[in-house]
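Here is the structure we will look at.
Protein chains: 4
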Amino acid sequence: MLLESYKIASHNDSLLKGHENKLAFTRSEIAGTEEIIQKLVDFQIAIPSWALGTGGTRFGRFAGGGEPRTLEEKIEDVGLLHTLNKASGAISLHIPWDIPTDPKAIRALAAQHGLKFDAVNSNTFQDQADQEHTYKFGSLQNVNKAIRKQAIDHNIEVIKHGIELGSDSLTVWLSDGSCFPGQLNFRKAYQNTLESLQEIYAALPDDWKIFVEYKAFEPNFYSMTVGDWGQSLSYARKLGDKAYTLVDLGHHLPNANIEQIVSLLLMEEKLGGFHFNDSKYGDDDLTAGSVKPYQLFLIFNELVEGMDARGMNHAKDLGWMIDASHNVKDPLEDLLQSVEAIMIAYAQALSVDRKALEDAQENNDVVRAQEILQNAFRTDVRAIVAEARLRAGAALNPVALYRELKVRENLIAERGLKTVSTGL
Amino acid sequence: MLLESYKIASHNDSLLKGHENKLAFTRSEIAGTEEIIQKLVDFQIAIPSWALGTGGTRFGRFAGGGEPRTLEEKIEDVGLLHTLNKASGAISLHIPWDIPTDPKAIRALAAQHGLKFDAVNSNTFQDQADQEHTYKFGSLQNVNKAIRKQAIDHNIEVIKHGIELGSDSLTVWLSDGSCFPGQLNFRKAYQNTLESLQEIYAALPDDWKIFVEYKAFEPNFYSMTVGDWGQSLSYARKLGDKAYTLVDLGHHLPNANIEQIVSLLLMEEKLGGFHFNDSKYGDDDLTAGSVKPYQLFLIFNELVEGMDARGMNHAKDLGWMIDASHNVKDPLEDLLQSVEAIMIAYAQALSVDRKALEDAQENNDVVRAQEILQNAFRTDVRAIVAEARLRAGAALNPVALYRELKVRENLIAERGLKTVSTGL
Amino acid sequence: MLLESYKIASHNDSLLKGHENKLAFTRSEIAGTEEIIQKLVDFQIAIPSWALGTGGTRFGRFAGGGEPRTLEEKIEDVGLLHTLNKASGAISLHIPWDIPTDPKAIRALAAQHGLKFDAVNSNTFQDQADQEHTYKFGSLQNVNKAIRKQAIDHNIEVIKHGIELGSDSLTVWLSDGSCFPGQLNFRKAYQNTLESLQEIYAALPDDWKIFVEYKAFEPNFYSMTVGDWGQSLSYARKLGDKAYTLVDLGHHLPNANIEQIVSLLLMEEKLGGFHFNDSKYGDDDLTAGSVKPYQLFLIFNELVEGMDARGMNHAKDLGWMIDASHNVKDPLEDLLQSVEAIMIAYAQALSVDRKALEDAQENNDVVRAQEILQNAFRTDVRAIVAEARLRAGAALNPVALYRELKVRENLIAERGLKTVSTGL
Amino acid sequence: MLLESYKIASHNDSLLKGHENKLAFTRSEIAGTEEIIQKLVDFQIAIPSWALGTGGTRFGRFAGGGEPRTLEEKIEDVGLLHTLNKASGAISLHIPWDIPTDPKAIRALAAQHGLKFDAVNSNTFQDQADQEHTYKFGSLQNVNKAIRKQAIDHNIEVIKHGIELGSDSLTVWLSDGSCFPGQLNFRKAYQNTLESLQEIYAALPDDWKIFVEYKAFEPNFYSMTVGDWGQSLSYARKLGDKAYTLVDLGHHLPNANIEQIVSLLLMEEKLGGFHFNDSKYGDDDLTAGSVKPYQLFLIFNELVEGMDARGMNHAKDLGWMIDASHNVKDPLEDLLQSVEAIMIAYAQALSVDRKALEDAQENNDVVRAQEILQNAFRTDVRAIVAEARLRAGAALNPVALYRELKVRENLIAERGLKTVSTGL
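Protein chains in written order, with the UniProt record's numbering: chain A, 1 to 424; chain B, 1 to 424; chain C, 1 to 424; chain D, 1 to 424.
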């Protein structure tokens, strides 16, 4: 399904007056809006190929209709999103769910939709039909050298696919760990994993990064071999300069202060990227900003402060990706909501009065520090975010336009009602 | 220290033009602002007498200066707050920290400051100097009948004090529980507690309520004898129509869905009141809205919906109180921030498009339901809250005026630097 | 695969001398061992039909071999377990995974293996291929009356199957809830669920029980409509005398004191039954006793104390069932380990010196109370548990015999390597 | 109060026969008991000077009687414990609660009781009466250089006291952190803390160690500047070879896998020592082994495995200390229970069949691995622990003898009923 630009223009025209009123008011509330708007225009969030279909839990999956059946259709879906918000200009592939058989054609198709290829993702947490060894007891950590070798080779294969597509980073998320006390020797599991990662690292092109993602629990329920930021950092340090930690918001123990972790990883020069989502209990993979929007803002507050302190480029120096699952929402609408929530948090963080905050901190004026942050959070920045979309050629209200144009209905008509995407 | 009304007027004058601009814009964003403003004017949050001094932890207490040394000074402090925000028109006393020796005079003093007496609170979690029996092993649950009797008598005494002051409710928070497996027979502890509460209940005037507060842990670290809403509801049911559950936001296990508890207690006609604060880890007693402002909004969303469904009066039919501790902030500034955050959450909840939300729910339109709630949350309602203050004769920006007038410095000059309030 | 009794006899003979030595010593350590042994012989734990195959997570499933392909094979597997331990004399069916097409034959087959039919379980958390309406947005809570009706009818159907098989209870676990704030009206969801349960309750035979199971989260990640024991109790009270709460150990928020919940539910005369498993993070469904064996003992300590206080029959008056998932273990070995751990905890609880404990509690002698409990826990009761098996005609060491006899290898030979059981 | 050795001998005589029976049986169950007993004899757990009085919470403190009023009396109390169990041969002082005015005399007194001085502890989480600057907003992290200097100087002072007493390590636990978002710049707080620690490190004698203790929350409730093992390790790495991480069991987020942290810190050669206690909710500071005895065993399992893998001396190469609070128990009885629980866990870990466990791990035999660990845990090792005491000249049953001899009654007679120890 193609979304012609005149439809966006017509949608925007109908909303323009209201938008301009709001924008004018917002400008009177926030200093430096022009600079903020430009940063928002530049900011792009990658969409993972597995997020385009309805997710599920171990208790079941309630598929929606019109889900993409092929890599090509997934790229079209991300293209659609990007047309609607001009903030989703990248796709992150998951191998082997999305092996590009004709990389050149895939690259051309993506380019047509204005999309780049973000980090490629390996998968050693499931067995594939044609696979020699099972990952039941782990992959890079496995006590069996042949199984480790298989998992290493798979990662190297993924890098190759990535090179062909123009990606420049590999995300390694391992489900490796144990379900019962005694199952693993933690030290040996660490060491096996480190050696395996070192072999993968050796296959990494010079200008690539490797992201070592951590997770506190699930699918292993006693220990995870890359279980927290401390462990991920330890691996990344031993691997070398191209290795970084990747933070997924849902991968922490209850009550963890994620924004502090982000700040310290930036300080250690080892923060590599982000998987956005939201959660109340565990790795719930809910829409970004849907449960704890203030936390999302606080995280962006640290990101902006920390990246600026190191002179980093917000748009380019870290990897930004959504990693969510959509059990009860239309996946595309969910992704539009996630991107919007991320943009809002980013805009709020950009509008924090840094000088005043620093003064308050230097004077231990806790009341004032809270007021400064909460003022940025409570001020309605949505008109600024919408303006950034407008300038980039996207829709003022992407979800509304998506519904007006009956996108889902069209996709169902094209693809059928009972399609099932690869992914979780 | 007296805060003359001309000072407020002058403060408001200086901010009026900016305020009116914002208010006008907000009116264009939210339907029914007049009705919302009136509800905000009517809404009063009680200030507990123990929240006027610097709090502490078991690791230490860093007292500020100018803290109230007597009940009279505490009333003056609440009077000050109420003058500043006209939303703190009640004080909640804690016996024996604040025994009124001359109730008539105390009542007159409070009336002078426009204050009522909210729920009175008993204390059987600490031993007092002149006390016969120790509460080391609990009070209403105690295996020793004489100790239970002492605790019952104390509660009845507290009711008497409350009657003299014009209060009409008793809040019973029990620290009763156990620190180690085996210490208690849970069933007998429940039964002893129930019998004790029944004796207290019998002493309750006809038009009074008793609030049974629950808490998941601390200061007992294995079990609490009124540990969750299920237990509190069970006591309240057995006690009778005057008994209700009181919800303190910090008294839950990690990740609890408090808004659902609130909704169900309203449905069961057993929600009695609220202790507001915020927390990240446990009963952290932080400023309301400082850590999880969206949760606070969601709770108010259920309160408004549930009270309206039963035709309840928002301002009168539930007890509203702050219960926080102020380790690193000026307690009065902290209380102003808490009241402001509560008012904002209430205003947001009042501005939710209920009809649209109900439609979305009836159609399982989860995306739309989220948009409706988040629209109410993201819209800046602060001008409405300020307008309610303006109409009630309070300050447009209470914290700013508090600082301009150097209230704390004046209090220190009056009371000294090393005063220590009773309380935690 | 049939396990002839001479094989058990021969296995036992080879271990008998060592066993008798241990038993003699244990008798010298614990008072009243004969009575304990008899209670252990009488105690039976139901095996759920879905626990006989390898479980999985949303990230994948690593099937083992020789898994039962039909209800008949599942009964054979439970028969095998029961032959090995004489403590698994019941099977709990899950409809529609295990619809008995010829109930008479199935009953006869079960009787042949010495098995009864425990609670039957309905499933409205997944859509079945032939189903008219989807449960994507809940079943008994659904805003759509037709969907509620479908779910009610299914439960009534399950009762009918249960009657045919000689079962006398229905377990209702609902995944109903919501993933996002705003999705549900909590009160209406409760009321719809209650009405639906009332219709099911009306279809219940006079001598049946209905168990209302609660769960804190998953697969819904914002709210669960039967989320904690307080909610389950509220439903059970409104339903009537045949309705009870069912406790699954993994269905709680972090740090919940489950043993206290058990004690209070017994006191309220509303505890109906148990789903045993263990967990570290959430509903991890690990082997009972594998992570928190002391908690399991403390729970049994309350069960024994509370059932004795009400004169209940340990073996008959509550429903006992395992509910676990086996991602990295042979399911049958896992179940043997779970039953063993439960028997150990029960034996320990039976050996607690109740009189001494009561004395310690009455005297607030916390040190002594801990010593009494820990003495019962630290004393090795395994010889008593083994003796109970020996007397019942089972194996002294079921797991060892299972391996000696190469049961799994035989099952694979019979059924094939790539079988997949129905279930999670 | 002096405990004469004949009283111990007489106590032991009366229990000897029963003990020998049990020991003989235990020997038949566990291989290598002689070696285990010797290791138990060598193992000493330091008692912190602040654990000798009744602890409290922010809600109150229920003092017991006969608490030590001076450092001398504290040493006497630890001497008493050590006489009873010969496993508490060290005391850990907390400055400024226990400043030794005459170090020589204190050393002599300690030697008389067979006690060494373990790690000395600094305190910058409370203000002392004579202190120039307040630690309200942190110490080593403080934005004010003069306050950092004061805290650094205090730590150097503590080292000096330690040198005089023959200690060889400094434990730095910081309550530094923040209570509200915005209060701190996390990066600057880290950097200030690091610089401060570097100055302290520079003052450390060559043969000393510095332990950097971490804690997830409390008394700061938003962030802690040394909040988890990852942060502690980061500081320790930057400080140098004499810096290590110290693990306190209660200082973690809910559900943390502490045994894995222990294993990895040993692997990183940065585990320095331990603070033992137990908890259900937070830093509850309960008796070691009273809530999660299996976790304590699993931690010792990693300690034994990891220390053996690096050829470390169990008794000397790590620091072992209790850090608990005793709100409802006699502190001395509580400490005897804690030491006993630690010794049991250590003995269980020593009795694990390492070769078999390694085989099971190498073969992914998860069922067998669990059986090996649980066999070690379920086997009753108390006779071995008692035998170690007997050989060292201590009491077979320390708590029983403590009660027989009416030690607490004697201490009250000597010191009075209303004494209050320094400490929490």
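Glycine included, C-beta positions come from ideal geometry on N, C-alpha and C.
Predicted, not measured: the structure shown is a model, and the values here were computed from it.
For residue i, decide whether its Cβ has a neighbour in chain G, counting only Cβ atoms nearer than 8 Å.
i, result
"residue 380 (chain A)", "Among the chains of the structure shown, chain G does not appear; the protein chains present are A, B, C and D."
With the cut-off set at 8 Å, would you say residue i and residue j are in Cβ contact?
i, j, result
"residue 68 (chain C)", "residue 55 (chain C)", "no"
"residue 386 (chain A)", "residue 253 (chain D)", "no"
"residue 399 (chain A)", "residue 347 (chain A)", "no"
"residue 57 (chain A)", "residue 180 (chain C)", "no"
"residue 2 (chain D)", "residue 332 (chain D)", "no"
"residue 201 (chain B)", "residue 243 (chain B)", "yes"
"residue 297 (chain C)", "residue 377 (chain C)", "yes"
"residue 245 (chain A)", "residue 233 (chain A)", "yes"
"residue 154 (chain B)", "residue 100 (chain B)", "no"
In chain A, what lies closer than 9 Å to residue i by C-beta?
i, result
"residue 85 (chain B)", "Correct list: empty, because the minimum Cβ distance to chain A is about 15 Å."
Closer than 9 Å by beta-carbon distance: list the chain D residues that pair up with residue i, in chain order.
i, result
"residue 313 (chain C)", "Correct list: empty, because the minimum Cβ distance to chain D is about 28 Å."
"residue 143 (chain A)", "361, 362, 363 and 364"
In the DSSP assignment, what are the bridge partners of residue i?
i, result
"residue 223 (chain B)", "B:178"
"residue 173 (chain B)", "B:213"
"residue 117 (chain C)", "C:91"
"residue 48 (chain C)", "C:92"
"residue 245 (chain A)", "A:212 and A:271"
Evaluate residue i with the Cβ neighbour count: other Cβ atoms within 10 Å of its Cβ, from every protein chain shown; 16 or more gives buried, anything less gives exposed.
i, result
"residue 20 (chain C)", "exposed"
"residue 240 (chain A)", "exposed"
"residue 417 (chain D)", "exposed"
"residue 6 (chain B)", "exposed"
"residue 182 (chain B)", "buried"
"residue 170 (chain D)", "buried"
Please list, in chain order, the chain D residues whose beta carbon lies closer than 8 Å to that of residue i.
i, result
"residue 137 (chain B)", "328"
In chain D, which residues lie with their C-beta within 7 Å of the C-beta of residue i?
i, result
"residue 333 (chain C)", "367"
"residue 228 (chain A)", "230"
In chain B, what lies closer than 8 Å to residue i by C-beta?
i, result
"residue 255 (chain A)", "254, 280 and 281"
"residue 211 (chain D)", "Residues of chain B passing the Cβ test: none, with the nearest at roughly 19 Å."
"residue 294 (chain A)", "291, 292, 293 and 294"
Name, please, each residue of chain A whose Cβ falls closer than 8 Å to the Cβ of residue i.
i, result
"residue 57 (chain C)", "58, 218 and 219"
Cβ of residue i within 7 Å of any heavy atom in the ligand HEM?
i, result
"residue 67 (chain B)", "The ligand content of the structure shown is nil, which means the ligand HEM is not present either."
Against residue i, what residues of chain C qualify as contacts under a CB-to-CB distance less than 8 Å, listed in chain order?
i, result
"residue 180 (chain B)", "366, 369 and 370"
inquiry  = With three or more beta-carbon pairs closer than 8 Å as the criterion, would you say the region 136-152 of chain B touches the region 87-94 of chain B?
reply    = no
Segment contact, 8 Å Cβ cut-off, at least three pairs: the region 312-322 of chain D with the region 276-285 of chain D = yes
ask   = Can at least three beta-carbon pairs, one atom from the region 94-106 of chain B and one from the region 119-127 of chain B, be found at a separation below 8 Å?
value = yes
query = Would the region 345-359 of chain A and the region 367-384 of chain B be scored as touching if the rule is three or more Cβ pairs under 8 Å?
reply = no
ask   = Any chance the region 306-320 of chain B sits against the region 43-53 of chain B, with 3 or more Cβ pairs inside 8 Å?
value = yes
ask   = Taking three-plus beta-carbon pairs below 8 Å as touching, is the region 141-150 of chain A in contact with the region 106-119 of chain A?
value = no
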